[in-house]
Structure formats: structure tokens, C-alpha cells
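Residue numbers are given in numbering that gives the first Met the number 0: position 128 of the sequence shown equals residue 127, and the series is strictly consecutive. Just so you know, even glycine gets a beta-carbon here, dropped at the ideal spot from N, CA and C.
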Amino acid sequence: MSQHIIITGASSGIGAALALQYAKPNTVLGLIANSEETLAIVANQCITLGATVKSQVLDVRNRDALNSWITNFDQDHPIDLIIANAGVTSGLGLNAESESREAIQHVIDVNLYGVINTVYPVIEPMRMRKQGHIVLVSSLAAYRGLPITPAYCASKAAVKSYGEALRGWLRADNIKVSVICPGFVDSKMSQKFTGGKPFLLTPDQAASIIIKGIRTNKAITAFPFPLNFGTWLLSIIPNRLAELIVDHIGYGAYRQKK
0 MSQHIIITGA
10 SSGIGAALAL
20 QYAKPNTVLG
30 LIANSEETLA
40 IVANQCITLG
50 ATVKSQVLDV
60 RNRDALNSWI
70 TNFDQDHPID
80 LIIANAGVTS
90 GLGLNAESES
100 REAIQHVIDV
110 NLYGVINTVY
120 PVIEPMRMRK
130 QGHIVLVSSL
140 AAYRGLPITP
150 AYCASKAAVK
160 SYGEALRGWL
170 RADNIKVSVI
180 CPGFVDSKMS
190 QKFTGGKPFL
200 LTPDQAASII
210 IKGIRTNKAI
220 TAFPFPLNFG
230 TWLLSIIPNR
240 LAELIVDHIG
250 YGAYRQKK
């Protein structure tokens, strides 16, 4: 039986690893990214593994173009699984002075509206078919706002809440919705993060965990466990204590004295 899958942010990191692990005969992959060169490399690797690949260079902020491409793909290959993975990060910088309005807007536009732009076109077709699986990639940063990266945490918290709400709404239509909350994964995006990266995983390791969570229809797949437990704990303990812990582990906003 064939399977039809769309993955955004498919040119590197988790997205590329997911594409390669899903690539096999009788699978049609729709791969979307904003880097033409690296997307072509991943697409060719997936073809070598036996998959049929439809790839497109698109910015997930471009709602109309994304809607058109996904709709056309769905008409030719009714989508079984869509993974809204594309994302960016930002932060206050080494001196924790500020996060520009432009940077904040960019992060929110890609991480939140890009996810909505990705999943929205498939909701009604999946409801009509009474089947399908929607996956939204959030982050463990959704559980607690970290002072060194405010916009990123806000965007990922919004994605987590949106995914949880979609799961409840679409359950009656037999549509599965899963939220993925990874910790640190070795990627271009994580390299921009100025804090420590405990329990760092490879993209392949992360993809394997994500695929298992998707296969079992977990509502939230959060990993790795030690970091997942820690971020969950930060979200339920008194705020003052949480702030002290965040500062102690190096995720506070320290400014150099002038």
C-alpha cells in the first residue's frame, strides 16, 4: 500500500532525517524547503532509496504559494501524513541586550504561521476522507520561556497549544494530530543557540523517536527523557525557583556591566 507524506524543512536536520527514514518504494514524498541545493541532495537520496519524490523550494511564510502546492499534491496523491517541521531560531545574543522586532517577527512568522500555513490546506480534505495524520514540530522550549530566546519559546509554545487543540477538534473526524517536542538536536539551527546543549541528539536519532511517536499516535512526543522531565518540572514549580534554576544552568539573560 502506498503512502503519501509531506515534510517541510526537509533540506537539513530533523526534516532531512525524517525524509530519508520514510523513503522507500511505494512512498510518495513531498519535500519542501527554502534551500534549493540541499533540498535537491536530500531528494536524490530519497529517490535512491526507492521513493517517488516531489520537491519544491518554498518559504512557509508564503501562504498562497504553499496552499497551492500542497493542494495540488493532495489532489494527485491524497496526503496520509504531513509534518510541519520548518523552523528558525533567534535570541538575545551573547550580551543579552535585545531581540530586534525584525527577528521576533521572523521567528513568529516562520515557526507559528508557517506551521499553520502548512497544515491548514489539508484539514478539510482529510476531514472529507475521514483519515490522515497531522504532525506539528514544537520544542521542549514550549514548556518554559527561556530568557535567552524569548521569541523562539513563544512561537513553540503557540505551536504546542495549537496542535493540542487540533487533536481534540479533529478526533471526531478520525484525523490524528501529534505534537513533537524535541530537545537539542545537532543541526544548523541548534548551532545558533548560545546556551549549553545537554543530551544532544543526532538528527537520525531524533527522527527515529519521532517516527515511533507518529506510528503510535502519541499526542505529544517529547524527548530526550531527562531534558523532558526537567522542562516539565520547570513548568510546575514556583516561578521564583524556576527562575533561579534557569539562571543556574546558563539560560538566563546576563548582561555585562558597562
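Are valine 59 and glycine 131 closer than 8 Å when you measure CB to CB?
The answer is no: Cβ separation not under 8 Å.
What runs of the beta strand (DSSP E), each 3 residues or longer, lie entirely inside the stretch 59–105?
Runs found: 80–83.
Residues in the same chain with beta-carbon distance under 6 Å from proline 24, minus the five sequence neighbours each way, listed in chain order, please.
Excluding residues within five positions, the ones whose Cβ falls inside 6 Å are Gly49.
Can you name the residues that DSSP bridges to phenylalanine 222?
Answer by DSSP bridge pairing, in chain order: Pro181.
So, do the stretch 132–144 and the stretch 153–161 have three or more beta carbon pairs nearer to each other than 8 Å?
At 8 Å Cβ cutoff, the stretches touch.
Confirm, please, whether the CB-CB distance from threonine 148 to threonine 88 is below 8 Å.
Taking the C-beta atoms as reference points, threonine 148 is found nearer than 8 Å to threonine 88.
Rounded to a whole number of angstroms, what is the C-alpha to C-alpha distance between proline 124 and lysine 53?
Their backbone Cα atoms lie some 19 Å apart in a straight line.
Less than 8 Å between C-beta atoms, sequence neighbours within five positions excluded: which residues of the same chain meet that for serine 137?
Cβ neighbours of serine 137 beyond the five flanking positions: Lys155, Ala156, Val158, Lys159, Gly162, Val178, Ile179, Cys180.
Count the other C-beta atoms from every protein chain shown that fall within 10 angstroms of the C-beta of proline 197, then say buried if there are 16 or more, exposed otherwise.
Flag for proline 197 reads exposed.
Among Asp73, Leu200, Asn173, Ala171, which residue has its Cα nearest to the Cα of asparagine 185?
At residue 185 the sequence reads aspartate, which differs from the asparagine that was named. Nearest to aspartate 185 by alpha-carbon distance, out of Asp73, Leu200, Asn173, Ala171, is Leu200.
Could you tell me the distance, in whole angstroms, from the CA atom of alanine 85 to the CA atom of lysine 175?
Their backbone Cα atoms lie some 20 Å apart in a straight line.
Inter-residue Cα distance where the pair is alanine 39 and glycine 12
Going by the C-alpha atoms only, they are around 15 Å apart.
Taking glycine 49 as part of the beta strand (DSSP E), name the residues at either end of that continuous run.
If you look at glycine 49, you'll find it isn't in any beta strand (DSSP E); DSSP assigns it neither H nor E.
Glutamine 255 (DSSP reduced to helix, strand or coil)
Note that glutamine 255 has pLDDT 40, beneath the 50 cutoff, so the model's placement of it is unreliable and no number is given.
Validate contact between the stretch 63–76 and the stretch 27–43 using beta carbons, cut 8 Å, 3 pairs:
Flag = yes, the stretch 63–76 and the stretch 27–43 touch.
Starting from the C-beta of alanine 9, find all residues in its chain whose C-beta is less than 7 Å away, skip the five residues before and the five after it, and write them out in chain order.
Excluding residues within five positions, the ones whose Cβ falls inside 7 Å are Ala15, Ala18, Leu30, Ile31, Ala32, Leu38, Val41.
Would glycine 249 be called buried (16 or more neighbouring beta carbons within 10 Å of its own) or exposed?
Counting of Cβ neighbours within 10 angstroms places glycine 249 among the exposed residues, the total staying below 16.
Ignore the nearest five residues each way along the sequence and tell me which others in leucine 80's own chain have a CB closer than 6 Å to its CB.
Excluding positions up to five away in sequence, the list reads Ile4, His132.
Based on DSSP bridge pairs, tell me the residues matched to glutamine 55.
Bridge partners of glutamine 55: Ile31.
Can you check which of these residues, Ala102, Ala241, Val134, is closest to lysine 217 by C-alpha distance?
Cα-wise, what sits closest to lysine 217 is Val134.
Neighbourhood of asparagine 121 by C-beta distance below 6 Å, restricted to the same chain and skipping five residues each side
One detail in the question is off: residue 121 reads as valine in this sequence, not asparagine. The answer, listed in chain order, is Ile78, Ile81.
With 16 other Cβ atoms within 10 Å as the buried cut-off, status of glutamate 98
Buried.
Nearest to alanine 22 (by Cα), restricted to the options Arg170, Ala206, Gly90, Asp172:
Closest option to alanine 22, judged by alpha-carbon separation, among Arg170, Ala206, Gly90, Asp172: Ala206.
Going by Cα to Cα distance, which pick from Asn66, Ala64, Ile115 is closest to alanine 83?
Taking the Cα of alanine 83 as reference, the smallest distance to any Cα among Asn66, Ala64, Ile115 is reached at Ile115.
Taking DSSP as the reference, what is the three-state secondary structure of leucine 38?
Helix.
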